[in-house]
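Visitor: FYI, full-length UniProt numbering numbers position 52 of the sequence shown as 52, with every residue one higher than the one before it. For glycine and all other residues, C-beta sits at the position ideal for the given N, C-alpha and C.
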Amino acid sequence: MSQSNHSEEEDLSSDSIPTDTSEESSEESSDSSDVDSSEEQEDIDVWARIQHQAMDRYQQEYEVLVQKYKQNGDTDTAAEIRANNALLPSYRKALREVLFDELKWMHLFKRDPIYKKIIEKQKNLMDMESYDWEEATQSAIHQRKFLLNKLFTKEEVPKQSVNERFHPYSRNFSGFD
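1. Note down the Cα distance separating Lys150 from Leu108, rounded to an integer number of angstroms.
2. May I ask you to verify whether the stretch 80 to 93 touches the stretch 111 to 130, counting CB pairs closer than 8 Å and requiring at least 3?
3. How should Gln160 be labelled, buried or exposed, when 16 other C-beta atoms within 10 angstroms of its C-beta is the threshold for buried?
4. Helix, strand or coil, according to DSSP, for Asp56 in the structure here?
5. By DSSP, does Trp133 sit in helix, in strand, or in coil?
6. What separation, rounded to the nearest whole angstrom, lies between the Cα atoms of Gln59 and Glu97?
7. Find out if the Cβ-Cβ distance for the pair Trp133, Gln122 is shorter than 9 Å.
8. Mind the definition here: the stretch 87 to 103 touches the stretch 50 to 59 only if three or more C-beta pairs lie below 8 Å; say whether that holds.
9. At the level of alpha carbons, what is the spacing between Ile118 and Gln71?
10. Can you tell me whether DSSP reads residue 182 as helix, strand or coil?
11. Could you tell me the alpha carbon to alpha carbon distance between Ile50 and Pro158, rounded to whole angstroms?
12. When you compare each of Phe152, Gln53 and Lys154 to Phe100 by their alpha carbons, which one comes out closest?
13. Going by C-alpha distance, which of Lys154, Ile114, Phe152 and Glu156 is nearest Ile141?
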């Protein structure tokens with residue numbers, strides 16, 4: 001079993017990540033100003049969230065494998081490592097699926113009118129007011145909160161007559177409150 005996983009692992013690890021992004025060069029060029037090269041941003045692992053989402057899809061299988069390896073005499077640490085190694089092909093496939101979902105969501109998000117207005121305001125603050133990315137983004141969100149507040153609207157509670165609410169043969173009767 002470990003040999004077949006090893007060969008799949010080798011095949012998958014030899015895959016190269018394409019660097020050609022010409023398909024969406026217009027969108028990417030508009031996003032290039034969003035990149036902040038400060039040292040704070042370099043410390044953030046941008047892949048961690050997506051990796052965790054991919055691994056979470058196989059949590060149950062992971063736990064079963066860990067128990068199996070422990071029953072075969074492995075220590076906790078060894079069992080966890082073996083389980084992760086056995087699930088590498090699944091993790092990698094799930095990572096690609098999660099990444100696709102995230103990129104699709106981002107693509108759709110960039111077409112949203114509210115998002116466009118926030119980003120327009122953010123870029124204006126960065127260009128005209130010399131805000132950094134984080135400050136401009138927070139300020140743009142705050143300044144466009146009216147648009148964001150429209151995403152949550154108050155719903156009207158349906159009116160019931162007093163007789164419907166308290167009639168014991170009514171479907172809505174809940175006893176004595």
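Guide: On the basis of the supplied data:
1. 19 Å
2. no
3. exposed
4. helix
5. helix
6. 16 Å
7. yes
8. yes
9. 55 Å
10. Since the first residue shown for the chain is 1 and the last is 177, residue 182 is missing from the structure and cannot be characterised.
11. 42 Å
12. Gln53
13. Ile114
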